[in-house]
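Residue numbers (my numbering): 35 to 99. Accompanying notes for the structure given below.
Structure (structure tokens):
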């Protein structure tokens with residue numbers, strides 16, 4: 035992973051491909067692999083999602099606040 039800004043809880047993001055808006059809930063780890071992930075919530079319908087930190091920080095999301 036390249037040296038990129040780490041997202042913080044409460045920070046709002048936009049997914050560049052879909053335009054979707056999300057808010058970071060927290061960072062966590064997958065128990066079996068210890069892979070770092072982000073838990074985030076869609077602002078449109080309050081659904082929760084989990085994505086590997088490597089994907090969150092690869093440029094597909096940008097901070098909007």
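Ideal Cβ positions, reconstructed from N, Cα and C, are used throughout, including at glycine.
With fewer than 16 other beta carbons inside 10 angstroms of its own, residue 50 counts as exposed. Taking a 10 Å sphere around the C-beta of residue 71, we find 16 or more other C-beta atoms and assign the residue as buried. For residue 68, the number of other beta carbons within 10 angstroms of its own is below 16, and it is reported as exposed. For residue 94, same chain residues with a beta-carbon under 7 Å away, outside a window of 5 residues either side, are 49, 50, 51 in chain order. The DSSP-derived three-state label of residue 62 is strand.
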